[in-house]
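Peer 1: Take the sequence shown: its position 122, counting from 1, is numbered 121 in numbering that gives the first Met the number 0, and each next residue is one higher.
Okay, handing you the structure first.
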Amino acid sequence: MEFYLLGVVGAYLLGSIPFGLVVSRMFGKDDPRTHGSHNIGFTNTLRVSGKKVGIITLIGDLGKGTVATVVAGLMGFPWLWILVIGFSVILGHVFSVFLRFKGGKGVATALGAILGMHPLIGWLLVGVWLGAVLVFGYSSGGALLAFGVFPFLVYFLTFDFYFCLFALGVMTIIFISHKENILRLIQGTESKIKLSSI
Numbered sequence: 000m001e002f003y004l005l006g007v008v009g010a011y012l013l014g015s016i017p018f019g020l021v022v023s024r025m026f027g028k029d030d031p032r033t034h035g036s037h038n039i040g041f042t043n044t045l046r047v048s049g050k051k052v053g054i055i056t057l058i059g060d061l062g063k064g065t066v067a068t069v070v071a072g073l074m075g076f077p078w079l080w081i082l083v084i085g086f087s088v089i090l091g092h093v094f095s096v097f098l099r100f101k102g103g104k105g106v107a108t109a110l111g112a113i114l115g116m117h118p119l120i121g122w123l124l125v126g127v128w129l130g131a132v133l134v135f136g137y138s139s140g141g142a143l144l145a146f147g148v149f150p151f152l153v154y155f156l157t158f159d160f161y162f163c164l165f166a167l168g169v170m171t172i173i174f175i176s177h178k179e180n181i182l183r184l185i186q187g188t189e190s191k192i193k194l195s196s197i
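Below, the structure is given as structure tokens:
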């Protein structure tokens, strides 16, 4: 039990690493929390600090989610504990201990964690996000759509009760972290992103 709990704490600390802020500082860019949407994730760092910082941030955020769940699996953690670790790494990103329990919106880290647990569902979610962004141009809208269908994909592809609970929990976190984006989408003031410019 203690070993599994250490894994959960380790996943939370890994998730707490604010790659968007770290990478921005490494390249001498402004703090992404002071510009744009004030977020440390991929979309805002891309807008604020440019393509290189945005892509490295995306890789870092995706990577920490994937590493957490893949390593847990390789170390023989039971499936339920892998789900807890996946949830913990996402919580770390959204409520980073290094940023006074503030952080990003969790999309890339959640996708990484899911890819590490169930690659098919993970890639389906990436596809939904990309498709929505290509059609409508809203990164936040794509994320909301992807994670809105996440519990349904889990249910119909796995029939796994605990995985369904995980999916519902992750969906809730993503929607809560995007509450301002949802308001801007409703008002028609949300900024668009062009994937062709990446």
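Backbone N, C-alpha and C fix where the C-beta goes; we use that ideal spot for every residue, glycine too.
Let me confirm a value: R172 is counted as buried when at least 16 other C-beta atoms fall within 10 Å, else exposed. Which label applies?
Peer 2: Looking up residue 172 in the sequence shown gives position 173. Position check: residue 172 holds Ile in this sequence, whereas Arg was assumed. Buried.
Peer 1: According to DSSP, is S15 part of a helix, a strand, or is it coil?
Peer 2: Taking the sequence shown and counting its residues from 1, one reaches residue 15 at position 16. Helix at S15.
Peer 1: By alpha-carbon positions, which one of P17, W122, M74 ends up nearest to R99?
Peer 2: Stepping through the sequence shown from its first residue, residue 99 is reached at position 100. Selected option, being the one with the closest Cα: P17.
Peer 1: Would you mind listing the beta strand (DSSP E) stretches within the region 32-92 that are 3+ residues and don't spill past its ends, in chain order?
Peer 2: As far as the region 32-92 is concerned, it has no whole beta strand (DSSP E) run of at least 3 residues.
Peer 1: Measure the CB-CB distance between R32 and I39 and report whether it falls below 8 Å.
Peer 2: Taking the sequence shown and counting its residues from 1, the one referred to as residue 32 is at position 33. Taking the sequence shown and counting its residues from 1, the one referred to as residue 39 is at position 40. Contact: yes.
Peer 1: Do you know offhand how far G91's Cα is from G9's?
Peer 2: Position 92 of the sequence shown holds residue 91. Position 10 of the sequence shown holds residue 9. Those two C-alpha atoms are separated by around 10 Å.
Peer 1: Locate the alpha helix (DSSP H) running through K178, then write down its first and last residues.
Peer 2: Counted from its first residue, the sequence shown places residue 178 at position 179. First-last of the alpha helix (DSSP H) with K178: 178-186.
Peer 1: Are I89 and A109 closer than 8 Å when you measure CB to CB?
Peer 2: For this step, residue 89 is matched to residue 90 along the sequence shown. For this step, residue 109 is matched to residue 110 along the sequence shown. Yes; because the gap between Cβ atoms is below 8 Å, this pair is in contact.
Peer 1: Looking at C-beta atoms only, is the number of pairs between the region 148-165 and the region 115-128 that lie closer than 8 Å three or more?
Peer 2: With the cut-off at 8 Å, the region 148-165 and the region 115-128 touch.
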